[in-house]
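Here our numbering is used: position 400 in the sequence shown is 1692, and no number is missing along the way.
Even glycine gets a Cβ: it sits at the ideal position worked out from N, Cα and C.
Quick notes on the structure that follows.
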Amino acid sequence: MVFSSFDYTPALYCACENQSIKSELLFLSKYYIIQEVSQCCSFRFLVGGSKLIIFQTTGMVTTKATPQMVSGSLPFHHRFHCDPPVELKTSIPRSGLHLNLKHRVGRMKFLSFKCQKSESATGKARDGLDGALFTEDSGKSAGLTVDPAGAPTAPLTSTDKLYQSVAKNEKLSRIRADSIEDEAWNLLHESIVYYCGNPVGTIAANDWSSTSILNYDQVFIRDFIPSGLAFLLRGEYDIVRNFILHTLQLQSWEKTMDCHSPGQGLMPASFKVRTVPLDGDDSATEEILDPDFGEAAIGRVAPVDSGLWWIILLRAYGKCSGDLSVQERVDVQTGIKMILKLCLADGFDMFPTLLVTDGSCMIDRRMGIHGHPLEIQALFYSALLCAREMLAPEDGSAELIQALNNRMVALSFHIREYYWIDMKKLNEIYRYKTEEYSYDAVNKFNIYPDQIPPWLVEWMPNKGGYLIGNLQPAHMDFRLFSLGNFWSIVSSLATTDQSHAILDLVEAKWADLVADMPFKICYPALESQEWRIVTGGDPKNTPWSYHNGGSWPTLLWQLTVACIKMNRPQIAEEAVRIAEKHISRDRWPEYYDTKGAKFIGKQSRLFQTWSIAGYLVAKQLLVDTKGAKILMNEEDLELTNVFSSVLGSNPRRKRPRKGLKKTYIV
């Protein structure tokens, strides 16, 4: 039977009592047909506002659905929100599992109907649902027979009576999907984690359909950033304040891996709220925060970016809320200094960029970014500027601020000069001489011209450019990493001309970087033998999937801030418009696969919180662009003035044994 009258996509949840058959999601829409329902059964629905949810089913249902239905690539809304809210809890059986779902329900109407034999559009009888469905004019048939007054076949429970009582005398209205933005807010609020009754963060994903949770039920520092910003821009400050202070407490925890402890100041990658018995009293429990500093993470990767994001969010909180008391607290000032000292610590590296291992940022798997990845450098520079702005003026901070200023000068020059690539610079590298031994060598890093990949020669537009992914001796990673480039614009690590050129390239290569879903995490993907060597044959990072050229909706918010900063919001508006076409229908995936971002990622979590929050932040900022200022760093004029002296300095000058200034290769 074709449900041709539907102009929305409601979802049907079928609970299967047969353990040998996995329960499926059946979706009713004008595009799809339910092919078979094995036996008559009764469903009881709850209609709230403009969404539909099945809160209980009886009988056994099996289906033969289209491949899109079976794969779960069609939308399924199991939550909704209407004002005034009434909180209800129910348990839905699914393949022998009981899922506890918390719904925020407003207007409700109790309905029941039975699956019956019906004639399809072609006249052929098939198992289906017959009658007029949820239209204001109930006399017109829309394909389903509804009996609002009919009694359910199963005995009414007290919960059922509550539903009927609340729904009494309500008029049936046509079911329509809430706006995407409203749905996103509902999902974001449902992802909130509470500690001792207070909100402290949001879980990484609320995908109840996944059988493997891993650590997606934890609060990740980097993942919470867009959630925190969405709450800040909406005036919900408490959750961000709580997050900042509670993660600060975790900073001082002892963390070890195989008897080795990392440097003080390291922020955790994530934390989880656990309930444990009280010491000496098994009958009483308490809640604790259990942090993960990477010692339990897949690959045991170190969360280098966590502390940098924490500083950036701390500044954004103060600017948005006007509450500077948090950043002025002694423990917060100490936390800032601990992060800075860890990042500014002396080491063997000759470059001003931070030296890190693979998997130390958003790309947290082996992807060949070890060394000096752009994403870390952009966040590092932004965190230095934010910290300098927030550090209280006191005698103990003078030396730290001096070291911070020196590092920013060297870092900004290094990135702008050596990471930048456009057609002009590409031609320069093509003509490089190698094996130069001198202080004034042009090819300082001994880059071989043969390293220029063939794809780049054809791909680079005449107008536009970008900052490369990595730079080490005799190695340039020519891949474009989106987050690093966007945040280089936001933090003013890139010059004004470079920032515009990056956005020019985004426009010129829109089909490659955006396609059906923004935005490519990196471009291009590693393929064939290169993929096997660099990733070790990682089955999750296959070409054009996950971190290896996958498309991540969460990057919308960084793109939006960058576009607003350069007064080119129309680029972000178009990206958001493309995302809105199907991100809700696809159930807010973590990432998309294929070169054109046509498929939901093969291992992508659904209802991924930072996909939801990234969209919300982008929408909020496009409505009120002034909100982006809480994240922006303006170019430091002192740094601009010092560049000329750096370029004109004598590279052979004798360095004093002691002194405040630290020398880097710039």
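Rounded to the nearest angstrom, the Cβ distance from V1532 to L1605 is 7 angstroms, consistent with a contact under 8 angstroms. Using a Cβ distance threshold of 7 angstroms, G1906 and P1845 count as a contacting pair. When C-alpha distances from G1757 are compared across K1716, D1584, Y1740, D1474, the shortest belongs to K1716. Under the criterion of beta carbons closer than 8 angstroms, S1783 and A1608 do not qualify as touching, at roughly 13 angstroms.
T1787 carries a coil assignment under DSSP once its states are collapsed to helix, strand and coil.
For K1911, the uninterrupted alpha helix (DSSP H) run begins and ends at 1901-1915, by DSSP.
Taken in chain order, the whole beta strand (DSSP E) runs of length 3 or more contained in the segment 1472-1518 are 1484-1487, 1490-1494. Contact check for H1767 against M1858 fails: the beta carbons are separated by 7 angstroms or more. Using a Cβ distance threshold of 7 angstroms, M1700 and L1683 do not count as a contacting pair.
Within the same chain, and ignoring the five residues on either side of T1726 in sequence, the residues whose Cβ sits closer than 7 angstroms to its Cβ are N1735, N1738, Y1740. One Cα belongs to P1583, the other to P1491, and the distance between them is close to 16 angstroms. For A1854, the enclosing alpha helix (DSSP H) has its first and last residue at 1848-1857. Taking every protein chain shown into account, the CB of V1749 has fewer than 16 other CB atoms within 10 angstroms, so this residue is exposed. For E1667 against F1773, the beta-carbon gap comes to about 6 angstroms, under 8 angstroms, which counts as contact. Contact check for R1658 against T1827 passes: the beta carbons are separated by less than 7 angstroms. At a Cβ-Cβ threshold of 7 angstroms, A1496 and F1512 count as neighbours. Boundaries of the beta strand (DSSP E) harbouring N1762: 1757-1764, taken from the DSSP string.
DSSP places W1802 in the uninterrupted alpha helix (DSSP H) bounded by 1802-1805. Apart from sequence neighbours up to five positions away, the residues of its chain that approach N1840 with a beta-carbon distance below 6 angstroms are A1817, L1818, N1833, ordered along the chain.
At the C-beta level, I1922 and C1678 stay beyond 7 angstroms of one another. For S1820, the secondary structure class from DSSP, reduced to helix, strand or coil, is helix.
The DSSP-derived three-state label of E1926 is coil. Looking at Q1556, K1812, L1848, the one whose alpha-carbon comes closest to that of Q1912 is L1848. Under the Cβ criterion (8 angstroms, minimum of three pairs), the segment 1890-1908 counts as touching the segment 1472-1491. Sequence-distant Cβ neighbours of F1891 in its own chain, meaning closer than 7 angstroms and more than five residues away, are Y1884, D1885. For the options Y1486, D1571, I1472, P1810, the alpha carbon positioned closest to that of F1563 is the one of Y1486.
A direct Cα-Cα distance of roughly 9 angstroms separates E1473 from I1904.
CA-to-CA, the gap between D1499 and L1506 works out to about 12 angstroms. For the pair P1810 and A1733, the CB atoms are not nearer than the 7 angstroms cut-off. The DSSP-derived three-state label of V1618 is helix. Per DSSP, R1566 is one residue of the beta strand (DSSP E) stretching across 1562-1570.
G1586 has its alpha-carbon roughly 20 angstroms from the corresponding atom of W1902.
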